[in-house]
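The structure appears right after this line, and notes come after that.
Chains as they are written, first to last, in our numbering: chain Y, 186 to 421; chain G, 9 to 304.
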């Protein structure tokens, strides 16, 4: 059964194009595959993303258009069409580049002397079979950058972030030119700062100036002015 | 080790705060009804969060009424009416508390803990009868934890694993029928448990260093001595602990957003996006509960 696209995007029925777009952008950011890398719930996030994309495409084609029929239908429809296709293209292209990276790495590794074992480890990590991946890693002889990277990935998937971070950092230090390792490290840091900077916490009282602060500042300014012979606030 | 999961009170709406307290009271009442008055003392905020979370997965709106209760006899309060999840969380609360008391009794022969454990033994047996598999799993995790502590485990990841697994066990509530939801809840619980364990370790650095008790952070980052220079040590590992804690929370938040909860969204969002990180910052800045009023 198909879900109600408005519900999927969390908006009122008959929402305008702008509202739909805003809701879509918000949700796409929330469930973006980059955020769920190394997360055991990645498949669920992907499914959610697909749902959101479908709902968005559907609304952009149908409901949004008919709702805005009277108010400059042609124009807004064209606009939304353009942006819609660019949106989903963007998302698709991101996905494609993602898989291109992966396939690129895979092929490169096959040409270079990447062992069969590493390929297997990757496979097991992707399928979520961490114990098997760990067993192979333990069996491997070389402790090169690739090994530390893969070990780091296994730790991250397990929820052992301290060791995961250390291992990936080590991989980057050993092979600073490798794009994949650096990318993984950046992603870790991004998740960390991303959570700290969510709108809820950032906009709260924790670091906002409050009324007390304001009065204090005014009073200080007034005192300073009076020092210099002037006056900012007459009554005090 | 308990009571770290709490809302960021100044950010809550008054209505939301009433509902939050309504859930808390409901859980407290449910424990009292099922396990006797003494057991009510064992309730904590972590389990209240679990109760709200589980209850919010169903779409039936929370109902309740103004009631009096023994603890606050003077004023009537809004109390959410009890349901299957209240019963489940109160059972889990009893089990967890009992293990906690036993552990403290064994560790440092704390008379209070010993008496408490004795008083709660009957309640525990009753709860165990209801959830034998859960108890077994939790017991084996905690046994593992005792072993790690005995061997002075020098990895915070490894040391946090058993308690995180206990929390995963609690969050994977059997009354949630959808398998994906259960899995998501489990991951949320795991990361929250990990966060609780590590933040507790950081909070207790001074105490553990003074008593030469086991503390995973002391073992991993090699602090030697008995209390001198612990402040510098605390500062030196702050960034690393900060990363681990915040990353665990970010993973918990990812799991939470996959649940797509609408009911009680204000309260849960507040806890996940603000309460936990505010708490983290307070502990990192070593402003524990004693200074809470000031920050409010």
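Cβ coordinates follow ideal geometry from the N, Cα and C atoms, glycine included.
Exercise for the section: Consult DSSP for residue 75 of chain G and reduce its assignment to one of helix, strand or coil. Expected result: strand
Exercise for the section: Whole angstroms is fine: what's the gap from residue 266 of chain Y's alpha carbon to residue 216 of chain Y's? Expected result: Note on residue 266 of chain Y: pLDDT 42, under 50, position unreliable in the model; the coordinate value appears next. Distance between the alpha carbons of residue 266 of chain Y and residue 216 of chain Y: 23 Å.
Problem - Chain-ordered neighbours of residue 254 of chain G on chain Y, where CB pairs are closer than 8 Å - result: 377, 380 and 381
Handout entry: Closest by C-alpha distance to residue 137 of chain G, when choosing among G:50, G:96 and G:234
Key = G:96
Handout entry: Rounded distance between the beta-carbons of residue 146 of chain G and residue 171 of chain G, thought under 8 Å
Key = Contact flag wrong, Cβ pair sits at about 10 Å.
Problem - First and last residue of the uninterrupted beta strand (DSSP E) at residue 207 of chain G - result: No beta strand (DSSP E) contains residue 207 of chain G, which is instead part of the alpha helix (DSSP H) from 187-211.
Exercise for the section: Answer yes or no: does any C-beta atom of chain G fall closer than 9 Å to that of residue 334 of chain Y? Expected result: no
Exercise for the section: With a 10 Å radius around its C-beta and 16 neighbouring C-beta atoms as the bar for buried, classify residue 378 of chain Y as buried or exposed. Expected result: exposed
Practice task
Pair every Cβ in the segment 250-261 of chain G with every Cβ in the segment 346-353 of chain Y, then say whether three or more of these pairs are closer than 8 Å.
Solution key: yes
Practice task
Taking 9 Å as the cut-off, decide whether the C-beta atoms of residue 41 of chain G and residue 90 of chain G are in contact.
Solution key: yes
Practice task
Say whether the segment 124-142 of chain G touches the segment 55-75 of chain G, bearing in mind that this needs 3 or more beta-carbon pairs closer than 8 Å, one atom from each stretch.
Solution key: no
Problem - Status (buried if at least 16 other CB within 10 Å, exposed otherwise) for residue 116 of chain G - result: exposed
Problem - Unbroken stretches of the alpha helix (DSSP H), 4 residues or longer, contained in the segment 10-53 of chain G - result: 22-43
Practice task
Starting from the C-beta of residue 354 of chain Y, find all residues in its chain whose C-beta is less than 7 Å away, skip the five residues before and the five after it, and write them out in chain order.
Solution key: 370
Problem - Endpoints, alpha helix (DSSP H) assigned at residue 110 of chain G - result: 92-116
Handout entry: Per-residue contacts from residue 164 of chain G into chain Y (C-beta, under 8 Å)
Key = 347
Practice task
Could you tell me the distance, in whole angstroms, from the CA atom of residue 37 of chain G to the CA atom of residue 282 of chain G?
Solution key: 28 Å
Handout entry: First and last residue of the uninterrupted alpha helix (DSSP H) at residue 320 of chain Y
Key = 315-324
Exercise for the section: Return no unless some Cβ of chain G is closer than 9 Å to the Cβ of residue 318 of chain Y. Expected result: no
Practice task
Measure the C-alpha to C-alpha separation of residue 294 of chain G and residue 227 of chain G and round it to an integer number of angstroms.
Solution key: 20 Å
Problem - Three-state secondary structure (DSSP) of residue 146 of chain G - result: helix
Problem - Inter-residue spacing [alpha-carbon to alpha-carbon] between residue 261 of chain Y and residue 83 of chain G - result: Model confidence at residue 261 of chain Y stands at a pLDDT of 39, short of 50, so the residue's coordinates are unreliable; what they give is reported in the following sentence. Using only the alpha carbons, I get a separation of about 57 Å.
Handout entry: Span separating the alpha-carbon of residue 414 of chain Y from that of residue 18 of chain G
Key = 41 Å
Problem - Coil, strand or helix - residue 87 of chain G by DSSP - result: strand
Exercise for the section: For residue 245 of chain G, I'd like the list of residues in its chain whose CB is within less than 7 Å of its CB, leaving aside the five on either flank, ordered along the chain. Expected result: 225 and 229
Practice task
Consider the Cβ of residue 283 of chain Y: report whether some Cβ of chain G lies at a distance smaller than 9 Å.
Solution key: Bear in mind that a pLDDT of 43 at residue 283 of chain Y, under 50, signals an unreliable position, so the model cannot answer this.
Handout entry: Contact belief for residue 237 of chain Y with residue 213 of chain Y at Cβ below 8 Å, rounded distance in angstroms
Key = 6 Å
Practice task
Please name the residues in the segment 224-244 of chain Y whose beta-carbon is closer than 8 Å to at least one beta-carbon of chain G, in chain order.
Solution key: 224, 225, 226, 229, 230 and 233
Handout entry: Alpha-carbon to alpha-carbon, residue 403 of chain Y and residue 202 of chain G
Key = 46 Å
Handout entry: Local conformation of residue 251 of chain Y per DSSP, three classes
Key = Since pLDDT at residue 251 of chain Y reaches only 49, below the 50 mark, its modelled position is unreliable, and the value read off the structure follows with that caveat. Three-state DSSP puts residue 251 of chain Y in a helix.
Handout entry: Identity of the residue in G:112, G:98 and G:196 nearest residue 132 of chain G by Cα
Key = G:98
Problem - Chain-ordered neighbours of residue 220 of chain Y on chain G, where CB pairs are closer than 8 Å - result: 262
Practice task
Please name the residues in the segment 171-190 of chain G whose beta-carbon is closer than 7 Å to at least one beta-carbon of chain Y, in chain order.
Solution key: 172 and 188
Problem - Residue interval of the alpha helix (DSSP H) (run including residue 180 of chain G) - result: Counting along the chain, residue 180 of chain G falls outside any alpha helix (DSSP H), and DSSP gives it neither H nor E.
Exercise for the section: Verify whether the separation of the beta carbon atoms of residue 65 of chain G and residue 269 of chain G is less than 9 Å. Expected result: yes
Exercise for the section: Return the first residue and the last residue of the alpha helix (DSSP H) that residue 353 of chain Y is part of. Expected result: 346-359
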